[in-house]
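There are 2 protein chains.
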Amino acid sequence: MSVAVKDQAGAIENYIADVTRRAERVSREIAAANSETKNQALLYIAEQILASSTTLKQHNARDLEEGRKRGLDDALLDRLELNDARIQGMADGLQQVISLPDPVGETTAFATRPSGIKVGKMRVPIGVILIIYESRPNVTADAAALCIKSGNVTILRGGSEAIHSNHAISDCIHAGLDKSGLSKDIVQVINTPDRQAVKSLLQADAHIDIVIPRGGKGLVERVIQESRIPLLKHLDGVCHVYIQEDADVNMAIDIAVNAKSQRFGVCNAMETLLINGSIAKQVLPSLADKYESKGVELRGCPQTCSILPNIARASEQDWYQEYLGPILSIRIVEGLSQAMDHIQKYGSHHTDTIVTSNDAIAQKFLREVDSSSVMVNASTRFADGFEYGLGAEIGISTDKLHARGPVGLEGLTTQKFIVLGDGNIRE
Amino acid sequence: MSVAVKDQAGAIENYIADVTRRAERVSREIAAANSETKNQALLYIAEQILASSTTLKQHNARDLEEGRKRGLDDALLDRLELNDARIQGMADGLQQVISLPDPVGETTAFATRPSGIKVGKMRVPIGVILIIYESRPNVTADAAALCIKSGNVTILRGGSEAIHSNHAISDCIHAGLDKSGLSKDIVQVINTPDRQAVKSLLQADAHIDIVIPRGGKGLVERVIQESRIPLLKHLDGVCHVYIQEDADVNMAIDIAVNAKSQRFGVCNAMETLLINGSIAKQVLPSLADKYESKGVELRGCPQTCSILPNIARASEQDWYQEYLGPILSIRIVEGLSQAMDHIQKYGSHHTDTIVTSNDAIAQKFLREVDSSSVMVNASTRFADGFEYGLGAEIGISTDKLHARGPVGLEGLTTQKFIVLGDGNIRE
Chain Z
9 MSVAVKDQAG
19 AIENYIADVT
29 RRAERVSREI
39 AAANSETKNQ
49 ALLYIAEQIL
59 ASSTTLKQHN
69 ARDLEEGRKR
79 GLDDALLDRL
89 ELNDARIQGM
99 ADGLQQVISL
109 PDPVGETTAF
119 ATRPSGIKVG
129 KMRVPIGVIL
139 IIYESRPNVT
149 ADAAALCIKS
159 GNVTILRGGS
169 EAIHSNHAIS
179 DCIHAGLDKS
189 GLSKDIVQVI
199 NTPDRQAVKS
209 LLQADAHIDI
219 VIPRGGKGLV
229 ERVIQESRIP
239 LLKHLDGVCH
249 VYIQEDADVN
259 MAIDIAVNAK
269 SQRFGVCNAM
279 ETLLINGSIA
289 KQVLPSLADK
299 YESKGVELRG
309 CPQTCSILPN
319 IARASEQDWY
329 QEYLGPILSI
339 RIVEGLSQAM
349 DHIQKYGSHH
359 TDTIVTSNDA
369 IAQKFLREVD
379 SSSVMVNAST
389 RFADGFEYGL
399 GAEIGISTDK
409 LHARGPVGLE
419 GLTTQKFIVL
429 GDGNIRE
Chain L
9 MSVAVKDQAG
19 AIENYIADVT
29 RRAERVSREI
39 AAANSETKNQ
49 ALLYIAEQIL
59 ASSTTLKQHN
69 ARDLEEGRKR
79 GLDDALLDRL
89 ELNDARIQGM
99 ADGLQQVISL
109 PDPVGETTAF
119 ATRPSGIKVG
129 KMRVPIGVIL
139 IIYESRPNVT
149 ADAAALCIKS
159 GNVTILRGGS
169 EAIHSNHAIS
179 DCIHAGLDKS
189 GLSKDIVQVI
199 NTPDRQAVKS
209 LLQADAHIDI
219 VIPRGGKGLV
229 ERVIQESRIP
239 LLKHLDGVCH
249 VYIQEDADVN
259 MAIDIAVNAK
269 SQRFGVCNAM
279 ETLLINGSIA
289 KQVLPSLADK
299 YESKGVELRG
309 CPQTCSILPN
319 IARASEQDWY
329 QEYLGPILSI
339 RIVEGLSQAM
349 DHIQKYGSHH
359 TDTIVTSNDA
369 IAQKFLREVD
379 SSSVMVNAST
389 RFADGFEYGL
399 GAEIGISTDK
409 LHARGPVGLE
419 GLTTQKFIVL
429 GDGNIRE
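If you read the protein sequences in the order shown, they are chains Z and L. If you're matching positions, the first sequence starts at 9 in my numbering and goes up one per residue. If you're matching positions, the second sequence starts at 9 in my numbering and goes up one per residue.
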């Protein structure tokens with residue numbers, strides 16, 4: 009390591025140490041802020057974003073220009089772009105968070121114990137949240153809003169390709185916080201694209217309570233490898249629809265088509281269709297026609313291929329695959345038990361649906377399938393914070409602890425025990 | 009590494025791979041078991057433990073003998089010992105878990121969304137739980153009981169000093185599971201004292217959902233370093249009592265004495281007393297007399313030492329210290345804000361109490377102190393699963409995510425989203 013590089017690494021370490029120290033220092037301030045103050049800050053930020061539209065587009069233009077020079081592909085450049093509609097979208101998102109109830113300070117019922125103490129729980133912020141994300145600069149405003157509302161301090165580390173846009177948005181956030189009398193350090197945006205900054209942040213487990221990586225699988229896996237901080241993460245979305253023999257055929261076809269092809273490239277789209285052998289001949293041919301019209305490529309197990317002779321054979325690898333595109337693998341199973349075995353072995357604990365008219369079968373599927381969302385007679389595409397009524401989501405967790413599935417404001421909080429006494433001591 | 013040692017390491021790796029594979033294979037079985045079956049198993053285990061009293065004491069005698077040869081100290085040998093009272097205690101513990109309500113399958117209220125889907129949450133087991141613990145063999149029965157009741161598979165790794173006792177208890181657990189028709193693999197006790205086994209277990213993040221280290225700080229820190237699995241852990245218990253100027257003097261003295269000296273060496277004992285300067289002269293002299301009669305050594309800030317001239321000065325290090333013994337540090341503060349600053353800087357987010365007659369002050373303390381238990385006018389010693397009505401606890405968590413404070417059956421479960429539709433698709 010040359011002296012210059014070493015100095016650079018040292019300077020970044022010092023910078024990150026300063027960021028985390030500042031974050032910790034203001035954590036009690038935002039945790040104690042009342043709903044009115046937090047909503048006021050969000051409103052000022054929204055106003056500032058709309059008022060800064062020209063500046064935001066200028067900074068964004070620099071990112072786009074540099075991106076084009078670096079050869080970013082069109083899809084990435086599209087995600088990176090801030091136009092008037094997207095700037096309005098950020099302001100609307102802030103308004104939506106304002107309208108959500110504040111979870112902080114909510115208490116459960118208190119129980120009086122034989123000792124005389126009263127015991128309950130209070131919902132409180134987590135503390136300092138690190139969010140690492142890619143390309144789309146609107147995440148800067150969305151994530152900051154959810155963290156402010158839930159009483160948390162945020163450290164935001166966006167992608168290097170969006171650094172100018174993110175800083176322009178950061179300026180709006182700081183102006184809004186300041187106008188409402190809150191410290192700017194409640195939201196800090198990392199100012200260097202250097203990878204060393206992420207490394208240092210992920211080691212700061214003494215100061216950061218949770219890290220949320222938002223982005224592709226590569227990003228998430230890198231964070232898992234390097235982090236000493238608890239994670240809230242989304243890894244794979246290998247979602248299944250299982251059609252039971254007693255399913256309404258039209259309903260089964262509608263759900264299977266919607267789950268796969270309402271939108272491609274989303275984590276809650278179906279990747280594998282499981283179908284009971286006794287209904288397969290009734291369902292698969294007309295389903296295959298619909299998929300063909302949507303441009304979906306099918307891959308099947310041997311039995312499926314005997315019903316649909318024109319499709320390719322699915323390999324063992326296909327059952328594990330999150331295609332994130334217009335491909336679907338289909339397997340014929342003997343019944344519920346084999347369907348659940350398949351989901352446990354190949355699935356990713358994200359979202360799984362059964363189509364059935366038998367309530368006992370539905371209950372067994374609901375209880376025994378170990379996924380963050382388990383559904384009966386509904387499309388997997390509903391697994392979404394907005395559809396669930398959470399208002400907005402920071403992401404969808406495929407972890408089992410703390411928060412599973414779409415994570416909204418409540419997932420950014422935790423509960424502590426509250427004990428009320430009148431001089432009680434333990435005998 | 010010699011060939012023999014390498015072979016040994018390889019054999020242990022294979023053994024652990026087999027253990028985790030077996031654990032995963034039975035996770036759906038115990039998750040789906042109904043309350044009656046689980047309670048029946050716990051009853052059979054309790055009966056088997058009582059019926060095996062002679063065998064348990066024989067195996068325990070081997071551990072005690074080997075422990076004496078290895079020079080274990082008296083306190084450790086005492087914790088290791090199984091006598092009739094402790095064997096009865098294990099059986100009673102199992103009965104107590106039987107009497108607790110089963111959290112698995114509980115659902116929240118369902119909300120109907122504009123799309124027509126009904127969304128709620130269901131409480132479900134976590135999956136496979138690894139528990140690593142030291143010396144006291146009764147943990148084997150207690151931890152297994154809580155995990156069975158909450159529908160989880162357990163892998164238990166006790167201390168090498170208790171290996172014969174733990175295996176004799178494991179035989180009772182297996183007999184009880186078997187008699188109730190459940191697989192023995194639902195509870196597996198690791199059969200080797202080799203450290204490599206722990207290493208391999210802590211790398212098995214693909215098969216184990218959570219690890220709970222129960223033991224001294226050394227054990228917990230070792231697990232933090234080596235684990236790639238999410239942890240539920242108890243680190244430090246630097247608990248505070250803050251006496252506000254308006255506190256009832258007698259109540260303050262009672263609580264301060266109880267919090268420090270009702271029992272030494274427990275995590276929820278007070279380690280630092282904070283007291284408002286304007287009430288210090290009224291409280292400290294008589295409090296010091298009481299502590300003297302209990303054999304508690306006091307260490308004070310300069311102001312405290314001017315009121316209690318015979319005590320030693322507390323060093324900066326004292327404020328961070330979990331004494332786990334008859335030592336208390338005392339600091340005089342200007343008011344609530346300085347007390348909360350002290351708790352944030354030096355505390356461990358475990359349990360903190362305020363003694364005050366002012367409701368607004370109490371509310372501010374309750375809301376803003378970021379600890380797993382925050383109390384008003386009650387001794388810190390109440391921070392305990394039994395006192396809180398959880399029935400039994402697997403431990404006290406000082407983590408912020410998932411479960412904070414005493415962790416009972418609910419903390420061994422998680423919630424998934426349930427969606428009920430009647431053919432709903434996303435537009």
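Glycine included, C-beta positions come from ideal geometry on N, C-alpha and C. Keep in mind that this is a model prediction, so the values were computed, not measured.
With its beta carbon less than 8 angstroms from one in chain Z, L/Asp-217 belongs to the interface.
In chain order, Val-291, Ser-294, Leu-295 and Lys-298 place their CB closer than 8 angstroms to the CB of Z/Ile-261, counting only its own chain and leaving out the 5 sequence neighbours on each side.
With contacts defined by Cβ atoms closer than 8 angstroms, Z/Val-136 and Z/Asp-217 form a contacting pair.
Three or more beta-carbon pairs separated by less than 8 angstroms are not found between the region 164 to 178 of chain Z and the region 18 to 31 of chain Z, which leaves the two stretches without contact. Contact between L/Leu-72 and L/Leu-88 is confirmed by a C-beta separation of about 6 angstroms, below the 8 angstroms threshold.
With contacts defined by Cβ atoms closer than 8 angstroms, Z/Leu-409 and L/Thr-422 form a contacting pair. When Z/Ile-181, Z/Ile-171 and Z/Asp-193 are compared, the shortest CA-CA separation from Z/Asp-202 is found for Z/Ile-171.
Rounded to whole angstroms, the gap between the alpha carbons of L/Ser-380 and L/Ser-405 is 8 angstroms.
Taking 8 angstroms as the cut-off, the beta carbon of L/Leu-240 is found closer than this to the beta carbon of L/Ala-411. Taking 4 residues as the minimum length, the alpha helix (DSSP H) runs contained wholly in the region 367 to 425 of chain L are 367 to 376 and 393 to 396, in order along the chain.
In chain order, Ile-433 and Arg-434 make up the part of chain Z whose C-beta sits under 7 angstroms from the C-beta of L/Asn-266. Z/Thr-364 and L/Val-219 have their alpha carbons spaced roughly 37 angstroms apart.
In summary, L/Gln-325 is exposed, with fewer than 16 beta-carbon neighbours lying within 10 Å of its beta-carbon over all protein chains present.
Assignment of Z/Arg-434 by DSSP, reduced to helix, strand and coil, places it in the coil class. For Z/Thr-200, no Cβ of chain L is located within less than 8 angstroms of the residue's own Cβ.
Within 7 angstroms of the CB of L/Thr-422, the CB atoms of chain Z belong to Lys-408, Leu-409 and Arg-412, in sequence order along the chain. Short of 6 angstroms from the beta carbon of Z/Asp-244, and not among the five residues preceding or following it, lie these beta carbons of its own chain, in chain order: Glu-330 and Ser-356.
For Z/Cys-275, the three-state secondary structure derived from DSSP is coil. Rounded to the nearest whole angstrom, the CA to CA distance from L/Ala-368 to L/Glu-376 is 12 angstroms.
With contacts defined as CB atoms closer than 8 angstroms, Z/Leu-332 and Z/Leu-316 fail to qualify as a contacting pair. Between L/Ala-41 and L/Leu-190, the C-beta gap is smaller than 8 angstroms, which places the two residues in contact. Neighbours of Z/Ser-123 across chain L, judged by C-beta separation under 9 angstroms: Ala-386, Phe-390 and Glu-395.
Nearest C-alpha to L/Gly-226 among L/Asp-349, L/Leu-80, L/Glu-279 and L/Ile-140: L/Ile-140. Against chain L, the CB of Z/Glu-376 has a partner CB under 8 angstroms away; the residue lies at that interface. For chain L, the residues of the region 223 to 240 of chain Z that bring a beta carbon within less than 7 angstroms of one of its beta carbons are Pro-238, in chain order. Under the DSSP assignment, Z/Gln-311 falls in the alpha helix (DSSP H) whose first and last residues are 310 to 315.
The way I'd put it, the region 269 to 282 of chain L does touch the region 332 to 350 of chain L; three or more beta-carbon pairs between them come closer than 8 angstroms. DSSP assignment within the region 109 to 197 of chain Z yields the following whole alpha helix (DSSP H) runs of 4 residues or more, N-terminal first: 146 to 157 and 171 to 187.
Within a 10 Å sphere around the beta-carbon of Z/Ala-176 sit 16 or more other beta-carbons, which makes this residue buried.
Residue pairing for L/Pro-221: DSSP places it in a beta bridge opposite L/Ile-140.
Put simply, the CB of Z/Leu-428 is near chain L, with a gap under 8 angstroms to one of its CB atoms. Under DSSP, L/His-248 takes part in a beta bridge, and its partners are L/Thr-280 and L/Asp-360.
Put simply, of Z/Met-278, Z/Lys-157 and Z/Ile-95 the residue whose alpha carbon is nearest the alpha carbon of Z/Ile-106 is Z/Lys-157.
The C-beta distance from Z/Arg-33 to Z/Asp-193 rounds to 7 angstroms, short enough to meet the 8 angstroms contact threshold.
Residue pairing by DSSP puts L/Arg-321 in a beta bridge opposite L/Gly-308. Distance from the CA atom of L/Gly-403 to the CA atom of Z/Gly-124, rounded to whole angstroms, is 23 angstroms.
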